[in-house]
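Be aware that the sequence shown starts at 1, since it is given in my numbering, and climbs by one per residue. All residues carry an ideal CB built from backbone N, CA and C; glycine is no exception. Have a look at the structure below, then the notes.
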Amino acid sequence: WIPDLFMKRVEANQEWTLFSPDEVPDLHDLTGKAFEDRYTYYEKLAAEGEMRLSRKVSAMELWRKMLTRLFETGHPWITWKDPSNVRSPQDHCGVVHSSNLCTEILLNTSESETAVCNLGSINLKVHVRDGQFDLDMLQETVTIAMRMLDNVIDINFYPTDQAANANKRHRPVGLGVMGFQDALLAQGLSYSSDAAVEFADRSMEAISYHAILASSQLAKERGQYSTYEGSKWDRGLLPIDTLAVLEAERGQAIDVDRSCSLDWTPVRESVAKYGMR
Numbered sequence: 001w002i003p004d005l006f007m008k009r010v011e012a013n014q015e016w017t018l019f020s021p022d023e024v025p026d027l028h029d030l031t032g033k034a035f036e037d038r039y040t041y042y043e044k045l046a047a048e049g050e051m052r053l054s055r056k057v058s059a060m061e062l063w064r065k066m067l068t069r070l071f072e073t074g075h076p077w078i079t080w081k082d083p084s085n086v087r088s089p090q091d092h093c094g095v096v097h098s099s100n101l102c103t104e105i106l107l108n109t110s111e112s113e114t115a116v117c118n119l120g121s122i123n124l125k126v127h128v129r130d131g132q133f134d135l136d137m138l139q140e141t142v143t144i145a146m147r148m149l150d151n152v153i154d155i156n157f158y159p160t161d162q163a164a165n166a167n168k169r170h171r172p173v174g175l176g177v178m179g180f181q182d183a184l185l186a187q188g189l190s191y192s193s194d195a196a197v198e199f200a201d202r203s204m205e206a207i208s209y210h211a212i213l214a215s216s217q218l219a220k221e222r223g224q225y226s227t228y229e230g231s232k233w234d235r236g237l238l239p240i241d242t243l244a245v246l247e248a249e250r251g252q253a254i255d256v257d258r259s260c261s262l263d264w265t266p267v268r269e270s271v272a273k274y275g276m277r
């Protein structure tokens with residue numbers, strides 16, 4: 001769970017200070033500039049001998065050790081603290097403290113809420129017909145899947161009150177994919193080709209498009225989730241828009257392809273009118 005400040009120190013080949021968590025407990029809930037200011041404040045206290053336990057290490061060497069362990073064992077899972085929070089649609093009502101093991105889910109947690117996500121997966125292979133990817137079929141699948149996942153939230157078993165509370169307040173769902181390589185083969189595409197990259201971009205944009213639209217239409221039918229007001233959705237920000245928010249936070253451009261193959265106007269209009277489920 002790496003803050004941007006650490007990577008700045010790595011790039012500048014500077015030192016990183018290790019603290020005992022019990023002496024710096026507020027760092028757990030801080031992100032971005034607030035984290036950076038507080039962290040450097042604690043470093044100042046450590047330099048003045050005011051901290052019980054602290055140690056300076058080379059940020060570069062620590063980063064190399066982390067990567068070496070990752071290459072050798074597959075662990076630790078590395079995720080980015082500041083972008084995860086800056087781009088979170090739920091930044092108005094909590095902090096993302098970590099991801100799950102596969103690092104695809106980023107949800108707020110607190111003493112009263114344990115993050116729970118309801119997951120589904122779309123088989124891309126079955127959407128290839130006669131060597132062509134069927135976008136109409138994909139739209140139907142995504143729409144059904146979003147309704148199914150919304151139903152799961154209401155009928156699910158929750159082992160703790162904290163899990164039930166978080167799930168029913170925020171109603172998070174995750175819709176992913178499987179069969180990507182199979183879908184490429186069915187289309188006669190090489191995994192290493194530019195066409196494969198284009199297919200990945202086009203298929204994931206379509207899934208995002210129809211998932212957001214389906215959630216908005218479910219909000220029209222069943223009502224918005226209870227913490228919708230104040231969220232990035234409520235502020236008119238779709239996930240792709242949050243790249244600009246992150247750029248503003250960091251004060252530098254992010255080189256990411258933001259071109260679209262679909263007209264997102266209907267999605268934006270639906271979210272603005274009905275909200276999200």
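- N13 carries a coil assignment under DSSP once its states are collapsed to helix, strand and coil.
- The three-state reading of DSSP puts F19 in strand, counting E and B together.
- Within the model, the alpha-carbon separation for A183 versus K273 is close to 36 angstroms.
- Between N108 and V95, the CB-CB gap stays under 9 angstroms.
- Out of K220, L175, N123, H210, the CA that lies nearest to the CA of A186 is found in N123.
- Short of 7 angstroms from the beta carbon of K125, and not among the five residues preceding or following it, lie these beta carbons of its own chain, in chain order: G179, D182, A183, A186.
- A direct Cα-to-Cα measurement between V152 and N118 gives close to 7 angstroms.
- Taking a cut-off of 8 angstroms on C-beta distances, the region 145-163 does not touch the region 187-198, as fewer than three cross pairs fall below it.
- Boundaries of the alpha helix (DSSP H) harbouring V245: 242-250, taken from the DSSP string.
- Between the alpha carbons of V142 and R169 lies a gap of roughly 23 angstroms.
- Between the region 206-217 and the region 252-272 there are three or more C-beta pairs closer than 8 angstroms, enough to call the two in contact.
- Per the coordinates, the alpha-carbon of P83 lies some 22 angstroms from the alpha-carbon of R64.
- A distance below 9 angstroms separates the beta carbons of S99 and L106.
- As DSSP reads the structure, Q132 sits in a beta bridge with R129.
- DSSP places N100 outside both helix and strand once states are collapsed to three, so it counts as coil.
- Of E11, A214, V256, A253, the smallest CA-CA separation from I144 is found for A214.
- Among the bridge pairs identified by DSSP, T109 is matched with V95.
- Taking all protein chains in view, the Cβ of K44 is surrounded by fewer than 16 other Cβ atoms within 10 Å, so the residue is classified as exposed.
- The Cβ neighbour count for K232, taken over all protein chains shown within 10 Å, is at least 16; the residue is labelled buried.
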